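Residue numbers (numbering that gives the first Met the number 0): 0 to 435. Where a beta carbon is used, it is the ideal one built from N, C-alpha and C, also for glycine. Fair warning: this is a prediction, and the values are worked out from it, not measured in the lab. Each remark here refers to the structure printed beneath this line.
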Amino acid sequence: MSKSPTLGKRRLLDKVVCPHCWTSFPPEDVLWIAESPTLTGDMKLGETERERFLPTEYNAQGFAVDAQGHECRECACPRCHLPIPLSFLEAPTVFMSIVGAPASGKSYYLASSTWFLRKILPQKFKLDFSDADPEMNRRVQEYEALQFLSDENQLVELSKTEEQGDLYNSVQYDDQVVVYPQPFVFSVAPAIEHPNRNKIAKLARTICLYDNAGESYLPTRDADSFSFPVTRHLGQSECVFFLFDPIQDNRFRAACREYSDDPQLAETNDQQEFRRSPIRQETILAETIKRVRSARKMYANDRYEGLFVVIVTKLDVWRDLLPSNEFQKDPIERASYNGQEYWRLQADRVALVSSRVRGMLMKRAPEFVSAAENFAKEVVYIPVSATGVSPQIDPVTNRRGFRSKDVKPVWIATPMLYALSRLTQGLVPARSGESQ
Ligand SMILES: Nc1nc2c(ncn2[C@@H]2O[C@H](COP(=O)(O)OP(=O)(O)OP(=O)(O)O)[C@@H](O)[C@H]2O)c(=O)[nH]1
Ligand SMILES: [Mg+2]
């Protein structure tokens, strides 16, 4: 038995950031979760949770051994005691936040994009893209299964993300309870066939994403607080995906009605029916900017150094507002280098579409564009449709939903491919204008 916390031959990072409470700590401080069923009870998480402990013994593979002699496989944060996948100790984490108004399409975007990334990344980019912890990602998997694997004739709808419930974890600190949002965690690394497979230790990343209820981004006092820090991942995020839904904006709605009969465009004063908030999306952007600034302790004139991606959702409804026929295919292509074929992102095509979408937003929501660009150094506008079609209404039950056979997302993997190409090195190659 060894006494070293090196996790066998694995190379550990110098610093780990907890995906729950965002505390950073050296990997040797990580707690382990007892494997033995008799070792239960944790002062922060309750009596039914398995014991957390700082090990004194490790086996030859580098796994901690609990007081009953069982090999442990799971780690926990030394501050909040919530579980941390081992990949957080090994591969640098890229934090990303999905932000937007209620019903702007965040959960549909998340489900469709992860579903397609699970295909495109291995098939085209020769990358492994997997759940860093399937238990933590259970909700995303449920969304994906509902959207893509349901009975093809049945109308299904993803439910609204709640502000409480099983997407949150409560931690007891002395006399204070703090509620954290559930992170979704993915590992991305070069697969066997990837030309840089030998650099896996350098290139592998852990991706940590959050999907809040839109209400948590509204400028109200109890949306986010010390004991309910549900959007404080913004302080860590290297990439903010801000979802702008044109059909929630009156300046777009009238124009969209000329081209689409999506029920979300119906003239109804019943905000509840389509879960729309009366608070405008520019206000939500302003509140997000305020929170990022405060979480990152930025000065008034500092600009956000991360990537700010405005994802303009529900493209199937407003596509005719763009003078563009760019969306038949994903912006990726096959290329070759030294006789070896590979796939790359057509970043120049994304930039062209971004400038068209920016022009469209500038015409109808100029204050949104100017606030985003004043805040972040790099802003890109990427249109997507998570479904490719409008929701249908079941004549019998009057419920809305989509049939899995109709769902054909458009450009859905583009925001993440773009983010990976900008924020990681060597994982997703990109064609810029010069390298054609
Ligand atoms: N036409 C069209 N409708 C969409 C699309 N994506 C989502 N919707 C509709 O928009 C509604 C809201 O989408 P959600 O993904 O649940 O919105 P959200 O931002 O997660 O909302 P909250 O969880 O309340 O914050 C859905 O019920 C769908 O009917 C799309 O790509 N096209
Ligand atoms: Mg949601």
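So the candidates are the options; which of them puts its Cα closest to the Cα of residue i?
i    : options                   : result
Y258 : S389, P408 and E89        : S389
R231 : C20, V15 and F124         : C20
C255 : L208, A102 and W317       : W317
L157 : C76, A385 and E372        : A385
R78  : K43, S335 and T205        : K43
A370 : I191, E340, Q280 and M415 : Q280
I310 : F374, D248, S293 and T413 : T413
F185 : T22, R363, L11 and S86    : S86
I32  : Q163, V16, L306 and C74   : C74
L360 : S335, T287 and F243       : F243
E286 : Q60, Y216, S103 and G68   : Y216
Y179 : T160, D150, A222 and F227 : F227
Taking DSSP's pairing of strands, which residues face residue i in a bridge?
i    : result
G45  : D41
V178 : S169
I32  : R51 and E73
F374 : Answer by DSSP bridge pairing: none, since F374 is not bridged.
D130 : F185
W342 : R333
V465 : This structure cannot speak to residue 465, because the chain is shown only from 0 to 435.
For a test of the three-state rule: what should DSSP assign to residue i, helix, strand or coil?
i    : result
F87  : helix
F367 : helix
W21  : coil
E332 : strand
F82  : Before going further, note that residue 82 is Pro rather than Phe in the sequence given. Here P82 sits in strand by DSSP.
I206 : strand
M0   : A caution first: M0 carries a pLDDT of 46, below 50, which makes its placement in the model unreliable, though a value can still be read off. In the structure shown, M0 sits in coil (DSSP, three-state: anything other than H, G, I, E or B).
A144 : helix
I392 : strand
Y303 : strand
S226 : coil
P382 : strand
L157 : coil
T92  : strand
T423 : coil
L242 : strand
V311 : strand
R399 : strand
V356 : helix
D405 : coil
R250 : helix
I97  : strand
A190 : coil
Is the closest heavy atom of ligand 1 to the C-beta of residue i under 8 Å?
i    : result
D329 : no
R318 : no
P108 : Correcting the residue type first, residue 108 is Tyr in the shown sequence and not Pro. Yes, ligand 1 has a heavy atom inside 8 Å of this Cβ.
L284 : no
Q181 : no
E123 : According to the sequence displayed, residue 123 carries Lys and not Glu. K123: no, Cβ never under 8 Å from ligand 1.
R399 : yes
V352 : no
D223 : no
Q153 : no
T230 : no
A100 : yes
K404 : no
A265 : no
Kindly examine ligand 2 and report whether one of its heavy atoms sits closer than 8 Å to the Cβ of residue i.
i    : result
L157 : yes
G213 : yes
T47  : no
D244 : no
K105 : yes
T37  : no
T160 : yes
D13  : no
D347 : no
D210 : yes
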